[in-house]
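**Student:** Numbering (the numbering used here), first residue to last: 219 to 572. We treat Cβ as the ideally placed atom computed from N, Cα and C, and that holds for glycine. Before we start, here is the structure in question, set down as structure tokens.
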């Protein structure tokens, strides 16, 4: 029996058997070497190109946007902006230019305070403060806030910002459209003769027309007042619901706002609504958001990273929080215990000049 097994094995070590073994080893070694050159994979790709639903795979661009709102800048008698707005804006400019390097930046309104400073004082506040903002090395957009209208007319603001209107759109590229919405025109007036009501209806008609003609674009909107029901009194809920419906119907990606001095996020009808605090006025609500500014990312998903200080002191380091995130939801629960989120729209005089 042992002899039979040895005789079977010996067949492999005959000259033909040995030759066969060498041929197999040579073929295996040749395949390994040839595969490492990548030519086999290249040949396979050429014969079988990758497809997804008969379309070439394309990864969407991620847009980087700098956002700042509610600076409430005021110049002193020496024509220098007070430090509670000056230093945070300088920090924002430095971070945008040296670290974040955004595609563009947006001022979300209440750039100046304007309160009891109508005319020359507010015009000067805007001029001096804008010199700092303009140092940002990226395209810039500015949104009209209610405090600008305490210090100057709408027409004056339009001239100072170089815009053609208080609401407008701008295409960053062929994929992204930015809409700046004038929320100061929102009114509860039902009078068809009210100039502000007429102006607001005109803006809404313009908005729907722009959205209707943007079928292949990502749309993001900047509005000083947040169009969020939870941040409004009942008198304006009808107007807010109307805006929410328009934004949802036309698949707006996100809406960014300020005004209420809190950090807030909500998805309404498929649209992400982000609300950020400003430089120092959250202290009036018992909150600690100082020197705040944001990095916005628009890609497969939308997110906002807020930079803030817990004290209005230059020696205090910035902290960050991303919304939406687990950290944000934990913070938001605590914030709700401190703040009544229902904030009114300041209707002001019926004239659109306010």
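I'd like to check one pair, residue 329 with residue 494: are the Cβ atoms closer than 8 angstroms?
**Tutor:** No, they are not a contact pair.
**Student:** Just how far apart, CA to CA, sit residue 418 and residue 288?
**Tutor:** If you take the alpha carbons of residue 418 and residue 288, they lie about 23 angstroms apart.
**Student:** Determine the DSSP secondary structure at residue 333, reduced to helix, strand or coil.
**Tutor:** In this structure, residue 333 counts as coil in the three-state DSSP scheme.
**Student:** Within 8 angstroms, do at least three Cβ pairs link the segment 317-333 to the segment 546-555?
**Tutor:** As far as the Cβ criterion goes, the segment 546-555 does not touch the segment 317-333, which means the pair count is below three.
**Student:** By how many angstroms is the C-alpha of residue 457 removed from the C-alpha of residue 529?
**Tutor:** Roughly 36 angstroms between the two C-alpha positions.
**Student:** So what does DSSP say about residue 348, is it helix, strand or coil?
**Tutor:** Reduced to three states, the DSSP call for residue 348 is helix.
**Student:** Can you tell which of 496, 534, 445 has its C-alpha closest to the C-alpha of residue 490?
**Tutor:** Residue 445 is the option with its Cα nearest to residue 490.
**Student:** Output the boundary residues of the alpha helix (DSSP H) element that contains residue 369.
**Tutor:** Its alpha helix (DSSP H) spans residues 366-369.
**Student:** Let me check understanding here. Comparing Cα to Cα, which of 478, 321, 427, 367 lies closest to residue 334?
**Tutor:** Residue 367 is the option with its Cα nearest to residue 334.
**Student:** Please state if the CB of residue 465 and the CB of residue 473 are separated by a distance shorter than 8 angstroms.
**Tutor:** It is a contact, given that the beta carbons lie within the stated cut-off.
**Student:** If I follow the unbroken beta strand (DSSP E) through residue 388, where does it start and stop?
**Tutor:** Element bounds for residue 388: 386-389.
**Student:** Which residues bound the beta strand (DSSP E) around residue 394?
**Tutor:** Here the beta strand (DSSP E) through residue 394 covers 394-399.
**Student:** Tell me, please, whether the segment 350-364 touches the segment 434-442 by the rule of three or more beta-carbon pairs shorter than 8 angstroms.
**Tutor:** The answer is yes - the segment 434-442 touches the segment 350-364, with three or more Cβ pairs under 8 angstroms.
**Student:** Below 8 angstroms, can you find three or more Cβ-Cβ pairs linking the segment 402-409 to the segment 427-436?
**Tutor:** Not touching, per the Cβ criterion.
**Student:** Quick one: what's got a C-beta closer than 7 angstroms to residue 308's C-beta in the same chain, skipping five residues either side?
**Tutor:** Result list for residue 308: 350, in chain order.
**Student:** Quick one: grab the DSSP three-state call for residue 638.
**Tutor:** Residue coverage of the chain in this structure runs from 219 to 572, which leaves residue 638 outside it and unanswerable.
**Student:** Buried or exposed for residue 246, going by 16 or more other Cβ atoms inside 10 Å?
**Tutor:** Flag for residue 246 reads exposed.
**Student:** Could you pull the start and end residues of the beta strand (DSSP E) that residue 477 belongs to?
**Tutor:** From DSSP, residue 477 is part of no beta strand (DSSP E); its letter is neither H nor E.
**Student:** Between residue 461 and residue 487, what straight-line distance do the alpha-carbon atoms span, to the nearest angstrom?
**Tutor:** Straight-line Cα distance between these residues: approximately 11 angstroms.
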